[in-house]
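Just so you know, we're using the working numbering here: the sequence shown kicks off at 66 and counts up by one. A virtual CB, placed ideally from N, CA and C, is assigned to each residue, including glycine. The model shown is predicted, which means the values in this text are computed figures rather than measured ones.
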Amino acid sequence: MESGRSGEFCYNPDTNYDEAIMQQQRQIENEIAESQPLIGKKESLNVLMKEFDGDLVYQEKVKKLQARYSFLRRTRGDGNCFYRAFGFAYMEQLLQDKNEFNRFRPLAEKSKDELVTLGFPQFTIEDFHSVFMEVLDKVGAGCSVDELVNTFNDQGYSDYIVVYLRLLVSGHLQKENEFYSNFVEGNRTIKEFCSQEVEPMGKESDHVHIISLTSATQVPVRIEYMDRGNASAPSVNHHDFPDGSNPHLCLLYRPGHYDILYL
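This is the structure:
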């Protein structure tokens with residue numbers, strides 16, 4: 066960007082601004098990638114106390130959280146954190162639960178055909194499903210947690226898993242169109258909502274996405290909500306999806322972001 070003597074922007078016809086913007090975006094993405102992995106290491110919840118040093122409201126909420134959980138695993142805040150956190154935490158759980166793996170694998174295997182039946186082009190979803198099953202089978206073969214972390218930190222593999230989870234959500238929403246249409250605002254159809262708010266990478270998730278993914282996969286999840294609300298009597302509230310379930314998968318939500326919690 067060029068500027069005149071007054072510091073104001075001056076257009077230069079010889080400058081390729083699109084390329085400059087793309088280069089700047091790539092630089093920002095690289096800086097984020099270097100400082101924040103897609104899936105972080107398992108850390109003590111004490112790191113949150115340090116993160117909120119001097120913030121008495123949040124520190125009290127961290128103490129409440131520490132009464133129920135011991136560890137945290139961070140995810141990159143890129144708009145895909147819910148799907149990435151869910152995908153990693155669930156596959157990590159499957160490493161210790163062969164019965165659950167045996168239940169889920171056939172469901173995941175046939176999910177591609179169900180998406181095709183719903184109208185998704187097979188050539189579009191084939192590669193995403195293939196990578197998802199490849200990583201799932203690594204888990205079934207007993208890979209280590211470190212190997213799973215490395216896989217989820219490989220941008221190619223990791224993003225393909227996120228894309229496929231987004232497709233599962235989209236497919237479920239469209240399959241149960243009548244029910245979910247009550248949750249969609251702005252006079253949009255479910256298909257429009259999915260194409261705008263579910264399928265694109267980087268789109269953040271809310272209750273509709275969570276309900277849909279837990280229903281599509283039949284994997285319950287507990288979300289612990291930690292925000293600045295109720296400052297006079299700090300507490301951390303949780304919600305189980307679906308209601309009344311007993312989730313082993315726990316995620317921490319702070320405004321706009323999800324991380325993984327461990328007992």
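Does residue i pass the burial test, meaning 16 or more other C-beta atoms within 10 Å, or should it be called exposed?
i    : result
A298 : exposed
Q239 : buried
V204 : buried
Y150 : Reading the sequence as shown, one finds Ala at residue 150 and not Tyr. Result: buried.
T282 : buried
K256 : exposed
T189 : exposed
M126 : Residue identity check: residue 126 is Lys in the sequence provided, not Met. By the 10 Å Cβ count, K126 comes out buried.
H194 : buried
L180 : buried
K177 : buried
S100 : exposed
E262 : buried
F244 : exposed
L328 : exposed
L314 : buried
T279 : buried
Starting from residue i, follow its DSSP beta bridges and name the residues at the other end.
i    : result
K107 : R138
C315 : R287, L326
D305 : R287
Sorted by chain position, which residues of the same chain lie with C-beta nearer than 6 Å to residue i's C-beta, five sequence neighbours on each side aside?
i    : result
F153 : I104, F217
V274 : As written in the sequence, residue 274 is His, which differs from the Val given in the question. Answer for H274: V234, listed in chain order.
S277 : V234, H237, L238
C146 : T140, H322, Y323
V301 : K126, K129, L130, E289, M291
Y318 : I288, Y290
V228 : F193
For residue i, which residues of its own chain have a beta-carbon under 7 Å away from its beta-carbon, when the five flanking residues on both sides are left out?
i    : result
C259 : S235, L238, Q239
K115 : none
E157 : V210, L213
P320 : D292
V112 : L137
R170 : L201, G205
E58  : Residue 58 is absent from the structure shown; the chain starts at 66 and stops at 328.
For residue i, collect the residues of the same chain with a Cβ closer than 8 Å to its Cβ; drop the 5 residues on either side in sequence, then sort them by chain order.
i    : result
L316 : F147, A150, F151, A154, V286, R287, I288, E289, Y323, D324, I325, L326
S109 : S135, F136, L137
G267 : D143, G144, N145
G294 : none
L191 : Strictly speaking, residue 191 in this sequence is Glu, with Leu absent from that position. Cβ within range, chain order: K177.
S223 : L103, I104, R149, T216, F217
Would you say the beta carbon of residue i is closer than 6 Å to some non-hydrogen atom of the ligand ZN?
i    : result
Q161 : Looking at this structure, you won't find the ligand ZN or any other ligand, since it has none at all.
Compare the C-beta of residue i against all C-beta atoms of chain B and say whether one is closer than 7 Å.
i    : result
Q101 : Absent from the structure is chain B; it holds one protein chain and no more.
Minimum length 4: unbroken alpha helix (DSSP H) runs contained in the region 144 to 203: 146 to 159, 163 to 182
At least 3 beta-carbon pairs within less than 8 Å: the region 116 to 125 vs the region 161 to 179: no
Contact the region 278 to 292 vs the region 301 to 320: 3+ CB pairs below 8 Å: yes
Stretch pair the region 123 to 143 + the region 239 to 255: three plus CB contacts closer than 8 Å: no
Alpha helix (DSSP H) runs wholly inside the region 197 to 264, at least 4 long, in chain order: 210 to 217, 220 to 240, 242 to 245, 255 to 258
Segment contact, 8 Å Cβ cut-off, at least three pairs: the region 177 to 185 with the region 155 to 164: no
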